[in-house]
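Chemist:
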């Protein structure tokens, strides 16, 4: 059983006057220990980045860059066929944006987590994952890389000795391969069920798949999404459930010290 876990959420995912989801960043930030902040390509803009980075600093939340495909219209959840080298340049550009706002507000970059379809593409694309890790080794050698444990990304990070954190997805289903079931539209989950799912994963290391089987999921961080309907109540239920089970919520940087 885990005695501590990181709790992360995708944040700042509006653009200009448009806001995505029904959970205010200010309230979500009080629940989590690590924040993945949209860096302008799938969502986010300079004013939003500044505001959310400042919030993370004020609440002692680990700062993460959340790069995605250049796909504002599709919210980065559509696959875009692009040369891996171009994708890496897009990722570097986006990481730089979050890093500089973090520097402005006194928060070092804790981690990098790809967004949406780009996250899923890297998970199965060995060349892209290797290029990503090679680049991070130069530009962000101390920044944690968030990914799925079964992904090519995780394998590339481990080979290179790059610090890496595996995720468990609270508000996504799993299939028997250990991968999340990717959906563009997500319904409103039952907060109590999601909390119980997270506590079970922490206690047993297992999750029930869409096929109805029990599989093992190694992880150090639990993720939920701020654009999931009812995200605030869901996040509060996850946090309360973990704490009631005696599981501490700490930043990914603190977890990484024990690995």
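Residue numbers (our numbering): 0 to 258.
For glycine and all other residues, C-beta sits at the position ideal for the given N, C-alpha and C.
(1) Is the beta carbon of residue 69 sitting closer than 8 Å to the one on residue 89?
(2) In this structure, how does DSSP classify residue 246 when only helix, strand and coil are distinguished?
(3) Return the chain-ordered list of same chain residues with a C-beta closer than 8 Å to the C-beta of residue 260, the five sequence neighbours on each side being excluded.
(4) Compute the Euclidean distance between the alpha carbons of residue 180 and residue 164, then round it to the nearest angstrom.
(5) Between which two residues does the beta strand (DSSP E) carrying residue 10 extend?
(6) Kindly indicate which residue of 40, 45, 42, 50 has the alpha-carbon position closest to the one of residue 28.
(7) Measuring only the C-alpha atoms, how far is residue 120 from residue 242?
(8) Per the contact definition of three or more C-beta pairs closer than 8 Å, is the stretch 191-209 in contact with the stretch 244-255?
(9) Please go through the same chain and pick out, in chain order, the residues whose beta-carbon is closer than 7 Å to the beta-carbon of residue 15, but skip the five residues on each side of it.
(10) How far does the alpha helix (DSSP H) with residue 101 in it reach, from first residue to last?
(11) Quick check on DSSP: helix, strand or coil for residue 165?
Modeler: Quick answer:
(1) yes
(2) coil
(3) With the chain covering 0 to 258 only, the question about residue 260 has no answer from this structure.
(4) 20 Å
(5) 3-10
(6) 50
(7) 34 Å
(8) yes
(9) 44
(10) 83-104
(11) strand
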